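A.B. asks: I have a structure here, written as structure tokens, and I will follow up with some questions on it.
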Amino acid sequence: MSPPSERKVQISSSFDIDSKSFHEKVVDHKNGGTKRIDEEEPHQHHQSTTVTSNPVKYENNGTDELHITEANGAGGLRIAMGGDDAGVGYRSQIKADLEADPRVAKVIDVGVHEKSDKTAYAHPADEAAKMVAKGDADRALLICGTGLGVAISANKVPGVRAVTAHDSFSVERSIMSNDAQVLCMGERVIGLELARRLAKEWIGYKFDPKSASAAKVDAIMEYEKKNFA
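The sequence shown begins at 1 in the UniProt record's numbering and counts up by one.
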């Protein structure tokens with residue numbers, strides 16, 4: 001293999017935008033997942049980017065009349081976490097990951113906090129799900145032994161859609177197809193590193209209310225209204 005070139009290479013680009021709307025997709029290659037920003041108001045924007053090698057330097061300059069904030073107004077997701085004694089080990093690890101992630105504004109841990117606490121999974125699951133239903137949290141991540149009990153419990157809260165998912169595709173579709181606000185996992189079912197990876201992927205997805213899936217989610221909620229009125 002030949003040694004790397006010592007030549008300095010510089011690539012520059014600039015452009016102006018004057019449009020009726022703004023759509024941006026951000027891919028986080030380090031933490032996984034994507035984030036989509038949509039703004040339907042008109043805006044003007046000038047952007048210039050320069051990339052230089054040896055050493056690598058990235059310069060990004062722009063003037064933008066559009067001020068973009070996250071939907072919750074806090075610049076990141078508010079995530080409630082909870083579970084029983086069977087999920088304490090994983091939850092503490094994933095909580096630390098989420099608190100260190102710039103896509104997360106706040107993590108609210110409703111417990112349990114110790115393996116010696118034998119509180120039934122239904123109680124923390126209900127508390128976390130109610131935070132989502134009331135708008136005090138954007139999403140919830142619940143962990144018990146299987147991920148099943150907490151999902152059943154969270155789904156008893158009106159307006160909440162909770163799923164158990166242990167693979168990347170299911171986690172993705174839980175948001176993109178089902179607009180599920182609550183992800184549940186089982187510490188006795190899935191490995192720790194995969195659970196951590198799935199949590200990172202999960203916070204990168206955002207439901208599109210204009211997608212074909214929106215009508216299907218609306219149908220679910222209509223049945224909830226009819227059956228539990």
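C-beta atoms are modelled at their ideal positions from N, C-alpha and C, and glycine is treated no differently. Quick caveat, the model's predicted, so the values are computed rather than measured.
#1: To which residues of the same chain is Val189 closer than 7 Å at the C-beta, ignoring the five residues directly before and after it?
#2: With a floor of 3 residues, list each beta strand (DSSP E) that falls wholly inside the region 138-206, ordered by position along the chain.
#3: If you reduce the DSSP assignment to three classes, tell me which class Ala212 lands in.
#4: Please determine, among Arg139, Gln93, Val112 and Met81, the residue with the shortest C-alpha to C-alpha distance to Ile175.
#5: Select from Phe207, Tyr121, Ser92 and Ala120 the residue whose C-alpha is nearest the C-alpha of Val107.
#6: Output needed for Asn227: all residues of its chain with C-beta closer than 7 Å, excluding positions within five of it in sequence on either side, in chain order.
#7: Can you look up His29 in the DSSP assignment and give me helix, strand or coil?
#8: Is it the case that the Cβ atoms of Ser153 and Ser177 are separated by a distance below 9 Å?
#9: How big is the Cα-Cα spacing for Met221 and Gly159?
#10: Around the Cβ of Glu99, are there at least 16 other Cβ atoms within 10 angstroms (buried) or fewer (exposed)?
#11: Three-state secondary structure (DSSP) at Ile112?
#12: In whole angstroms, what is the alpha-carbon distance linking Ala215 and Asp208?
#13: Whole angstroms are fine: how far does the CA of Val132 sit from the CA of Thr69?
#14: Verify whether the separation of the beta carbon atoms of Asp85 and Asp117 is less than 9 Å.
#15: Since Val83 sits in a beta bridge, which residues does DSSP pair it with?
#16: If you measure between the beta carbons of Gly82 and Val112, is that distance less than 9 Å?
#17: According to DSSP, is Thr63 part of a helix, a strand, or is it coil?
#18: Applying the criterion that 16 or more other CB atoms from any shown protein chain within 10 Å of the CB defines a buried residue, is Tyr90 buried or exposed?
#19: Between which residues of its own chain and Gly73 is the CB-CB distance below 8 Å, once the five residues before and five after are set aside?
#20: Closer than 7 Å by C-beta to Leu192: which residues in its own chain qualify, once you throw out the five before and the five after it? Chain order, please.
#21: Between the beta-carbon of Arg161 and the beta-carbon of Asp179, is there less than 9 Å?
C.D. replies: Once the coordinates are examined:
#1: Thr146, Gly147 and His166
#2: 139-144, 162-164 and 182-186
#3: coil
#4: Restricting attention to Arg139, Gln93, Val112 and Met81, the CA atom closest to the CA of Ile175 is found in Arg139.
#5: Ser92
#6: none
#7: Note that His29 scores 47 on pLDDT, short of 50, meaning its location in the model is unreliable and no value can be drawn from it.
#8: no
#9: Between Met221 and Gly159, the C-alpha separation is close to 7 Å.
#10: exposed
#11: Residue identity differs from the one stated: residue 112 is Val in this sequence, not Ile. In the structure shown, Val112 sits in coil (DSSP, three-state: anything other than H, G, I, E or B).
#12: Ala215 and Asp208: Cα-Cα distance of roughly 11 Å.
#13: In this prediction, Thr69 scores a pLDDT of 32, lower than 50, which makes its location untrustworthy; the coordinate-derived value is nonetheless stated afterwards. Computed Cα separation, rounded: 20 Å.
#14: yes
#15: Checking the sequence shown, residue 83 turns out to be Gly, not Val. For Gly83, the beta-bridge partners assigned by DSSP are Ile143.
#16: yes
#17: The predicted model places Thr63 with a pLDDT of 44, which falls under 50 and marks its position as unreliable; any figure quoted below should be read in that light. Strand.
#18: buried
#19: Only weak support is given to the placement of Gly73: the predicted model assigns it a pLDDT of 43, under 50, and the value that follows is read from those uncertain coordinates. Around Gly73: no qualifying Cβ.
#20: Tyr90 and Gln93
#21: yes
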